[in-house]
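Okay, structure first, notes after.
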Amino acid sequence: MAVDQNLATLEEKPLIRDYWDKFQRRTGIIVTLVQSGFVFTFIVCLKAMDILNADWWLVAMIGVFAAAISSACAIALTFALARPLRDLVRAIVLVAGEPTALTPPNPNIPRYEKDGFRDILQTVYELASRDSPSSEPTTSDDTLTSGINNIKTGIVILDNQQKIIFSNKAAPVRTDQDGAQTLELFFPDDDSLQAWLKRTSKNKLTAERQWTRVSDKLPGEKSRRLFDVAASYRKNNPAETVLTLFDRTNIYTPEEDELDFISFAAHELRGPITVIRGYLDVLSEELQPKLEQDQVVLMQRLIVASNRLTSYVNNILNASRYDRRHFKLHISEDTIATIYNSVADDMQLRASAQNRVLAVDIPENLPTVAADNNAVGEVLSNLIDNAIKYSNEGGLVQVIARTVPGFVEVSVIDRGIGMPVSVLPNLFHKFYRSHRSRETVAGTGIGLYICKAIVASHGGSITARSIENEGSTFSFTLPIYDTVAAKLEANGNDNLALVEHGSGWIRNHSLYRG
Amino acid sequence: MSIKTILVIEDDRFIGEMYVRSLKKAGYDVDWMIGGNDGLIAARNKQYDLILLDIMLPERRGNEIMDALRGKEDLIPNTKIIILTNFEQDEESRMAMEHHADGYLIKAEITPKKLLGVIKSLQ
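Order-wise, the sequence lines are chains A and B.
All residue numbers for the first sequence refer to my numbering, where the first residue is 590 and numbers rise by one.
All residue numbers for the second sequence refer to my numbering, where the first residue is 4 and numbers rise by one.
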């Protein structure tokens, strides 16, 4: 529609390129008339004043001849002087996009450089290129698209609404029934493309970013690919974000096998752990009447150590699963009290065996949370275990729960050795252990990493506060069930009676764990 | 349904003996098979109230046994099956669900005492 209108107005409007011809005609006639009239009258005047001594017919002949010659000279001179005007018209004809066979005037000829006209021509060209970048003749869109579709590197272009406006064949983009396109890439939860774009669009005009090992499918799914992703952001450009995806599946897949090995080795460890925990369970009960008081304490220590071993193996398995994006939560409506109860015996035993006092204050009237019972149990057990490890003999470890807007917050507080503020930002990194903790307490540095992963996967957050030599407080939040219930139902996550995770599920019955 | 007879299919001798000992002490009638083939034969030849099934087994894996017992048709409609494994993967737990197991537990997390609690809760 708009194009048709343009054509119509183009036909009615005189073309710019016609101006030069008209100018030539009009100027030619005027210059000829004026110049020849001038010269002819001059010759006639000479005869009338008797300066020219010739017959009238000869005078007329000379007059016409002189007029013709001088007119021709005047026209040539005028057109030579008007050449900049000609080139200006040609340049405007070209940038206006009118059909023409003319070559663009060169602004860099010596004459234009000398008289300064070069700047005017260049300005015309610059203004034109600023307004319509696509006006220069290039390869046709079809050729370009088929070329880009044939390369193995994925290309995706997003507009300023982060909508896909272009993607080639190699890019992992899914088109649904309504024609809406989504990028199928699993970025890390705490380092996603969307989060980066949100930050970047607020603070920056241009930005570049790279991610490695971004997969388009979950582990185990068919034809899974792993990409290195480069993002390039230009604010207010029609193609605001350009993503380039390099397929590195062949390089990264062997590394995945190594991760499989870690996970396999951890599974192997579970065999002996099963036997140790099982027989300890049996023996502690059967031997109880016969044991001396100090032997009971030794037995308890054995149980605590084997429970801890189980937790460590679970941490390794969870971290390995999380790193491979294989970590799935099974969210249901639950209370913090129920979740705590599933680990309560183990925690009380761990505290008393190490001469700590564990005080738990979880009010009964707290709202229910959307949580994976097992996973959150592991968060609690990691945090309480840390609080026990890093507090002093006879020290108090508190577990407190309360409501904050939209969430239930659980805090684990110790009055132990604490940490300097400088180590706090690194606490939740994998294998991070503060200098002091390396010297004083054994551990893998993986517990807080997996705690953060679990809490973040629930949509909550985890924070640490600490004062050196006074103690530390670790707090995490879980969404109140009512605030996310609609979303969970929409996702078909209705396995309320079915809890599946680290220690399994049992149909329609509460879960058992160590 | 009250559970009286239990079949344990478990190749680890220590773990198998541990379960069998506890279950017998609790008064259940327990048979124990070590290999996958023997396990499947036992499950088909005698009607048990409950089968505790390991996944990583010699000859025939646990999920194959599930498939044979409850794949096309339910050959043991009156028997409950609990998968007991240390090798949990989402794939396998999904398969176990698809094959209608009544439970899926991690051995390292379940002490004999807790297993007795689970069995009681099934009745």
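Every residue, glycine too, gets a C-beta built ideally from N, C-alpha and C.
Of B:Asp14, B:Gly39 and B:Leu10, the smallest CA-CA separation from Leu26 of chain B is found for B:Leu10. Chain-ordered, the chain B residues with CB closer than 7 Å to the CB of His856 of chain A read Asn89 and Phe90. Contact check between the stretch 29 to 43 of chain B and the stretch 1061 to 1072 of chain A: fewer than three CB pairs, one atom from each, fall below 8 Å, which does not count as touching. Chain A has no Cβ within less than 8 Å of the Cβ of Ile37 of chain B.
Nearest in C-alpha terms to Thr616 of chain A, of all of A:Arg763, A:Ser660 and A:Gly983, is A:Ser660. DSSP places Glu797 of chain A inside the beta strand (DSSP E), whose first and last residues are Thr795 to Ser804. With a contact defined as Cβ atoms closer than 8 Å, Asn89 of chain B and Arg859 of chain A qualify at about 4 Å. Among the residues facing chain A, Thr8 of chain B is not included, as its CB has no counterpart in that chain under 8 Å away. Take Phe916 of chain A, set aside five residues on each side of it, and the residues of its chain with a beta-carbon closer than 6 Å to its own are Arg910, in chain order. Within chain B, the residues whose beta carbon sits less than 9 Å from that of Ile862 of chain A are Asn89, Lys110 and Ala111, listed in sequence order. Every alpha helix (DSSP H) of 4 residues or more that sits fully in the stretch 615 to 685 of chain A is shown, in chain order, as 645 to 670 and 672 to 685. Secondary structure note for Pro688 of chain A: it is in no alpha helix (DSSP H), with a DSSP letter that is neither H nor E. With the rule of 3 Cβ pairs closer than 8 Å, the stretch 736 to 756 of chain A counts as touching the stretch 825 to 843 of chain A. In this chain, the alpha helix (DSSP H) harbouring Asp41 of chain B covers Gly39 to Asn48. Proximity of chain A to Pro115 of chain B at the Cβ level (cut-off 8 Å) is accounted for by Gly867, Asp870 and Val871, in chain order. For Ile1043 of chain A, the closest of A:Arg939, A:Ile977 and A:Ala908 by C-alpha to C-alpha distance is A:Ala908. Ser625 of chain A and Asp676 of chain A have their C-alpha atoms some 28 Å from each other. Contacts with chain A (Cβ-Cβ distance below 7 Å) from the stretch 14 to 47 of chain B involve Asp15, Phe17, Ile18, Met21 and Ser25, listed in chain order. The stretch 862 to 877 of chain A and the stretch 783 to 800 of chain A do not touch, with fewer than 3 CB-CB distances between them shorter than 8 Å.
Residues of chain B whose Cβ lies closer than 7 Å to the Cβ of Arg859 of chain A are, in chain order, Asn89, Lys110 and Ala111.
With fewer than 16 other Cβ atoms from the protein chains shown falling within 10 Å of its own Cβ, Met650 of chain A counts as exposed.
According to DSSP, Ile744 of chain A shares a beta bridge with A:Thr833. Under DSSP, Thr992 of chain A forms a beta bridge with A:Val997.
Rounded to whole angstroms, the gap between the alpha carbons of Ala643 of chain A and Lys636 of chain A is 7 Å. Under the DSSP assignment, Thr732 of chain A falls in the alpha helix (DSSP H) whose first and last residues are Asp730 to Asn738.
Nearest Cα to Arg679 of chain A within the set A:Phe627, A:Val997, A:Asp704 and A:Tyr714: A:Tyr714. Within the stretch 894 to 905 of chain A, those residues whose Cβ lies closer than 8 Å to any Cβ of chain B are, in chain order, Thr899 and Val902. Minimum Cα-Cα distance from Ile862 of chain A among the listed residues B:Ala111, B:Arg24 and B:Ala29 corresponds to B:Ala111.
Of the residues A:Pro761, A:Gln613 and A:Val620, the one whose Cα lies closest to the Cα of Leu674 of chain A is A:Gln613. Linking Leu807 of chain A to Ile6 of chain B through their CA atoms gives a straight-line distance of about 40 Å. Cα atoms of Gln937 of chain A and Asn944 of chain A: separation of roughly 10 Å, rounded to the nearest angstrom.
Listed in chain order, the non-local C-beta contacts of Asp57 of chain B below 7 Å within the same chain comprise Ile12, Glu13, Asp14, Gly65, Leu87 and Thr88, local neighbours out to five positions each way being set aside.
Rounded to whole angstroms, the separation of the alpha carbons of Ala942 of chain A and Leu898 of chain A is 15 Å. Proximity to Ala104 of chain B across B:Gly30, B:Trp35, B:Val33 and B:Met69 peaks at B:Met69, based on C-alpha coordinates.
Contact check between the stretch 952 to 967 of chain A and the stretch 992 to 1012 of chain A: three or more CB pairs, one atom from each, fall below 8 Å, which counts as touching.
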